[in-house]
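Single-structure report; data block below.
Numbering (my numbering), first residue to last: 373 to 486.
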């Protein structure tokens, strides 16, 4: 069975210290639904998270760059949030959600030792 047949796409919003990224990650379809992203991120053998249809987003909300495929080093990931199609539509709720993520990221950066 090919690896592609063993995975399911999950649309995600990824926060790093310097970038916001939206895209798709592929998780095992044999994992418990509540654990699929957690298992992917906690895999000790994995140093990079593969993201397809990735879009890097500036802090002001403008798209900077798009990639068909992007690898993000696990050490730089602060948050990976599963997204629904509605999350990325332009509306007031989306803007509020994004602002809450940014506030959380700022708090994390303030408490993180350098």
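Glycine included, every Cβ here is placed at the ideal spot set by N, Cα and C. Since the model is a prediction, treat every value here as computed from it, not as a measurement.
Going by C-alpha positions, residue 395 is about 27 Å away from residue 483.
No Cβ-Cβ contact shorter than 8 Å links residue 451 with residue 428. For the set 433, 449, 425 and 453, the Cα lying nearest the Cα of residue 441 is the one of 425.
Going by C-alpha positions, residue 402 is about 11 Å away from residue 377. As a beta-bridge residue in DSSP terms, residue 398 pairs with 381. Looking at 414, 421, 387 and 417, the one whose alpha-carbon comes closest to that of residue 474 is 387.
Assigned with DSSP and collapsed to three states, residue 417 falls in coil, not helix or strand. In the three-state DSSP reduction, residue 481 falls in the helix class (H, G or I). Pairing residue 420 with residue 398 gives a Cβ-Cβ distance that is not under 8 Å.
When beta bridges are read from the DSSP output, residue 476 appears opposite no residue. For residue 434, there is no enclosing beta strand (DSSP E), since its DSSP letter is neither H nor E.
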